[in-house]
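Peer 1:
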Amino acid sequence: SKRLRMVLNFMRERLTDPIMQVLVQLGEVADHLNFNAFVVGGFVRDMFLYRDNEDIDVVVEGNGITFAKTFSRKYGTRTHTHQKFGTAVIIFPDGFKIDVASARMEYYQFPASLPVVEMSSIKMDMFRRDFTINTLAVQLNPNKFGRLIDFFSGQKDIKDKVLRVLHNLSFVEDPTRVFRALRFEQRFGFTIGKLTSSLIDNAVKMEFFKRLSGKRVYTELVLILKEENPAPTIMRLLDYDLLRVIHPRMKIEKDLKRLLDSAKKVVDWHDLLFIDETYERWTVYFMVLLRHCDLKTTHEICSHLTVAPRHAKMFTETRIGVGKQLMSLERRKRITHAEIFNLLKGFKTEVILYMMASTQSESAKKRISLYHTQLRNVTITITGKDLLAMGLKPGPLFSRTLQAVLDAKLNGQIKTREDEFTFIGKQLKDTDAKRPAGNRKPPGP
Ligand code: CTP
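Residue numbers for the sequence shown, in full-length UniProt numbering: 461 to 905.
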């Protein structure tokens, strides 16, 4: 039909050749097994939204594990299976992955009041999903390749830019969908449909979220913080009074919006300058979110959300501890480069960016950025070996001397390796001169 040709042309236009090719191959394997196969969900949604998405989710009417194994035998991929759910992952030699699920009646459980009898397997699979825009499917079998399946007006809702659940019990079934709704709302610039919005209000009022484990809340929260710009979504969570789900005493102040916007500016600045540096951007936002939480509350939050130890340390002691450094950087009228370096050395990029985001002082911001762009990379060439060669005995004087050389280099007093030696020579003479005769031991701290 004409419509099928249009979808086909659109797919050819939107998708890369290798993706197109693998979709064709999936369809051929499905036919061989007498299954129907579909590419579904976010992949199809994003194709229509002109957004790149290489997460291929395939649903087959039949046994998904058999399907994945057959595909792998034919194309030399690996298969990873979950018998319990009838799902599998096809893994290509280059690491590319395709998720496969079985659309089979026995996998679905719905509240008794929902009208699900008489649905085909694929329709049932779509019906259990979160929003209409995620219920599009494109068939892959060769003679129906490109047939668009749209049981719940997903295409219209994409066109109208609106998020709608499929039925009134959607948030009862899975309260995390509320977080997803707010995340998608901002990511796509969609609005939440009227009925869906009142169902969210109801979910909040009825405290559906009490049933969620901290772990699931954390997963959703991190997904939000990993979005391009999490700030508006966080503000929406605040509107719905949903930040309480993180902790009942979660301390939020009026400066949240400013802090989040400031964090965005800082991470964008960083990512532009240090394209190749990997760090966990979302943690900067999380620390900003925790800005006014005390140590005790933050510990409780980390334990409730089951935050990984390395993150928990950063969110609690480290985050709260930098208050001191920030204060110095904000208040001191004059400060040397060496002093800035010594205040900030050892902190991870995430913490440095958090500090930049959370100060309102322009001069403190400048000082931190100076550290991050220049000072942290300053090194000296002289080592302990050189000091030994100069006849110094190892001890506290050693590290103090090296520190003094580094400070001088940071402060621009010395530049070359030669300068470093001259500097040390002069230093030693000075300290020597200060010592009373007959007491030539190095001075104490
Ligand atoms: N889904 C759902 N309810 C959830 C989570 C997911 O119904 N709580 C469904 C959605 O319909 C979605 C599919 O499972 O299409 C896969 O979810 P996910 O892996 O989160 O993919 P995307 O919707 O593509 O989201 P993202 O773009 O953030 O990966």
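By construction, the Cβ of each residue, glycine as well, lies at the ideal position given by its N, Cα and C atoms.
(1) Going along the chain, which residues of its own chain have a beta-carbon closer than 7 angstroms to the beta-carbon of L600, five neighbours each way excluded?
(2) Report the rounded CA-to-CA distance for Y831 versus F801, giving the unit in angstroms.
(3) Whose CA, out of V838, T679, V782, lies closest to the CA of V767?
(4) Which same chain residues end up closer than 7 angstroms to F746 when comparing Cβ atoms and leaving out the 5 residues on each side of it in sequence?
(5) Could you tell me whether any non-hydrogen atom of ligand 1 is closer than 7 angstroms to the CB of residue 431?
(6) So is Y814 buried or exposed if we call it buried at 16+ other beta carbons inside 10 Å?
(7) Roughly how many angstroms lie between the CA atoms of M695 and K534, to the nearest whole one?
(8) Under a three-way DSSP split, which group does V664 fall into?
(9) Taking the C-alpha atoms as reference points, what is the distance between L852 and G806?
(10) Examine ligand 1 and report whether any of its heavy atoms sits within less than 7 angstroms of the Cβ of N523.
(11) Compute the distance between the beta-carbons of T743 and E790, then report whether it is under 8 angstroms.
(12) Does DSSP put E740 in a helix, in a strand, or in coil?
(13) Using 8 angstroms as the threshold, is the segment 549 to 559 in touch with the segment 465 to 476, meaning 3 or more CB pairs across them?
(14) So, helix, strand or coil for S673, using DSSP?
(15) Let me confirm a value: K825 is counted as buried when at least 16 other C-beta atoms fall within 10 Å, else exposed. Which label applies?
(16) Just to confirm, are R564 and S580 a CB contact at a threshold of 8 angstroms?
(17) Quick one: residues in its chain with C-beta nearer than 6 angstroms to the C-beta of V504, no 5 flanking neighbours on either side, listed in chain order?
(18) List the endpoints of the continuous beta strand (DSSP E) containing residue 962.
Peer 2: By the coordinates alone:
(1) L483, L486, G487, A490, A497, F498, V499
(2) 6 angstroms
(3) T679
(4) L685, F775
(5) Because residue 431 is not part of the residues shown, which for the chain are 461 to 905, the question remains open.
(6) buried
(7) 50 angstroms
(8) helix
(9) 28 angstroms
(10) no
(11) no
(12) coil
(13) no
(14) coil
(15) buried
(16) no
(17) L596, V598
(18) Shown here, the chain extends from 461 to 905; a query on residue 962 therefore has no answer.
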